[in-house]
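Under this note's numbering, the first residue of the sequence shown is numbered 6, with each subsequent residue one higher. Built from N, CA and C at the ideal position, the CB exists for glycine as well.
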Amino acid sequence: MASETAESYLGRIYNKAGVCSAESSCCIAYDPLEPTCESEVYDDCDLGDNCVYPCENLKLGIVEGYKAFAILYDRERRMNADLGVICPADFDDSCPTAE
């Protein structure tokens, strides 16, 4: 199994299936080659013109928030190392950092 990035992992686990907004053109792909397109309104769906994703903005917010956290966490570790507060054992640079 190929490794995935933290961002793609969070995007995958927070990716709620879509919801049908109408009965036509709203499919769920149990078999990607032959999707089932017989759906009721509010059924789960994967694709189609009437498949809407109500949690898409929330998922994007979680992924973007994680990216910001990762950047700030790295910055904090580098500042702590520069100041001589701590030198993390798994730090990839020598302490203090050379920035």
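I think residue i touches residue j, with their Cβ atoms under 8 Å apart; what is that distance to the nearest whole Å?
i, j, result
"cysteine 92", "cysteine 56", "Contact flag wrong, Cβ pair sits at about 51 Å."
"alanine 27", "aspartate 51", "In fact, because the Cβ distance is near 15 Å, the residues do not count as touching under 8 Å."
Going by beta-carbon coordinates alone, are residue i and residue j separated by less than 8 Å?
i, j, result
"valine 90", "leucine 15", "no"
"glutamate 9", "lysine 72", "no"
"cysteine 60", "glycine 53", "no"
Can you tell which of the options has the C-alpha that lies nearest to the C-alpha of residue i?
i, options, result
"asparagine 20", "Arg83, Gly66 and Tyr78", "Gly66"
"aspartate 25", "Ser44, Lys64 and Leu77", "Per the sequence shown, residue 25 should be read as cysteine rather than aspartate. Measuring from the Cα of cysteine 25, the nearest candidate turns out to be Ser44."
May I ask which residues mark the beginning and end of the alpha helix (DSSP H) holding residue i?
i, result
"valine 68", "61-88"
"leucine 15", "11-18"
Could you pull the start and end residues of the beta strand (DSSP E) that residue i belongs to?
i, result
"glycine 53", "Where glycine 53 is concerned, there is no enclosing beta strand (DSSP E), given that its DSSP letter is neither H nor E."
"cysteine 42", "Counting along the chain, cysteine 42 falls outside any beta strand (DSSP E), and DSSP gives it neither H nor E."
"valine 24", "23-25"
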